[in-house]
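Position in the sequence shown (first residue = 1) + 429 = my numbering.
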Amino acid sequence: MKHKIIRIDSIAEIDTSKINVYDLNNRYIDPRGNIYGLKYDRLRKKIEIIRLVRTLTDEAPVMQHKIIQKKIDDTRNIVEEEDYEEELDGDMSVEEERIFDPLTLVNETLRMMDSHRERLKGIMMNIKNSNVFPKENKSESIELENIFRNMEIDGIQHFEKVDNYERELTSYPRSITYYQAKVDTHGRQVIEMLGGNNERILRFIHFYEMYNSITALYRNLRKILTTLIEFVAVKDVENMKTLTAFERQSFEDATVSIDNTMREIDRILDSMVPMGEYLQDPENF
């Protein structure tokens with residue numbers, strides 16, 4: 430079976446959002462001789478990049494040399510290697526090493542932000558419709574409005590700011606010096622180590638700014654929702670006889686949405702940990 434082998438400078442060039450089922454047999458090789466493949470995760474319904482690691486011999490440099498010797502079409506930068514699969518599967522054990530893909534992580538998080546934006550609106554609407562906190566109770570009403578105001582400013586509006594910022598960074602970035610002034614000491618050190626390569630620097634800045642923006646947003650939102658959980662927990666809704674079935678259902682829908690959102694926030698914050706580690710290494714850019 431023929432494999433299409435594509436020479437790349439880094440795995441950043443592999444855009445999994447543009448991969449189809451016919452590309453899953455592709456192999457990618459970088460300047461260091463590392464060879465990558467693609468794998469479809471059926472549970473998560475997404476395509477992942479994996480590094481093919483040989484456990485008996487390391488023939489990546491040999492393979493790279495063989496590929497370079499082929500006549501490479503510079504316009505497509507693609508060659509075919511007929512015996513590649515046989516070499517890979519016949520004489521050596523191959524392990525799959527999952528590759529962290531920051532672009533996929535950012536894109537997936539942005540899609541979740543769209544869902545969370547609408548969910549926050551639904552939570553506020555359902556709590557208001559539940560009439561669990563009637564306006565006649567001034568102190569509770571004022572406290573609830575303060576929580577909702579924070580959800581609006583630090584949640585819904587902040588989602589829009591991060592989304593717009595990501596568009597700026599990818600579509601019409603400002604000067605590198607502008608962003609360089611925003612990064613911390615380590616960030617400036619990474620930029621200096623990138624040796625004035627603007628493409629690599631902008632890639633670092635993109636992920637650095639998204640990491641910080643997403644982390645700050647969801648940490649703040651988690652605090653706000655924790656406050657809301659504590660606020661609504663004092664109500665014994667089961668014994669509020671004046672509530673209608675609709676009002677009870679509205680309140681239940683709100684609490685379920687809050688719990689689901691909190692779990693998703695924790696998963697997002699956990700997923701930011703490897704991204705923070707990824708940003709520490711200039712070789713990733």
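Idealized CB from N, CA, C, for every residue including glycine.
Bounding residues of the beta strand (DSSP E) (the contiguous stretch that carries residue i)
| i | result |
| --- | --- |
| residue 466 | 464 to 470 |
| residue 456 | 456 to 458 |
Exposure of residue i, with buried meaning 16 or more beta-carbon neighbours within 10 Å
| i | result |
| --- | --- |
| residue 661 | buried |
| residue 466 | buried |
| residue 531 | buried |
| residue 636 | buried |
| residue 663 | exposed |
| residue 456 | buried |
| residue 506 | Model confidence at residue 506 stands at a pLDDT of 47, short of 50, so the residue's coordinates are unreliable and nothing is read from them. |
| residue 653 | buried |
| residue 702 | exposed |
| residue 673 | exposed |
Cα-Cα separation, residue i to residue j
| i | j | result |
| --- | --- | --- |
| residue 546 | residue 462 | 43 Å |
| residue 458 | residue 589 | 38 Å |
| residue 638 | residue 630 | 12 Å |
| residue 682 | residue 555 | 7 Å |
| residue 651 | residue 679 | 22 Å |
| residue 603 | residue 692 | 35 Å |
| residue 633 | residue 445 | 19 Å |
| residue 668 | residue 677 | 11 Å |
| residue 504 | residue 436 | Confidence in residue 504 is poor, its pLDDT being 42 and thus under 50, which makes the residue's placement too unreliable to answer from. |
| residue 570 | residue 577 | 10 Å |
| residue 464 | residue 478 | 10 Å |
Bridge partners - residue i, DSSP secondary structure assignment
| i | result |
| --- | --- |
| residue 477 | 468 |
| residue 436 | 458 |
Nearest neighbour of residue i, chosen from the options [CA to CA]
| i | options | result |
| --- | --- | --- |
| residue 584 | 614, 598, 552 | 552 |
| residue 686 | 668, 550, 698 | 550 |
| residue 610 | 600, 621, 601 | 621 |
| residue 645 | 673, 607, 587 | 587 |
| residue 543 | 592, 626, 653 | 592 |
| residue 647 | 599, 596, 563, 696 | 696 |
Host alpha helix (DSSP H) of residue i (start-end)
| i | result |
| --- | --- |
| residue 374 | Nothing in the structure corresponds to residue 374, since the chain is present only between 430 and 714. |
| residue 602 | Taken as a continuous stretch (DSSP letters only), residue 602 belongs to no alpha helix (DSSP H), as it is neither H nor E. |
| residue 541 | 531 to 559 |
| residue 688 | 674 to 707 |
| residue 640 | 627 to 662 |
| residue 614 | 614 to 622 |
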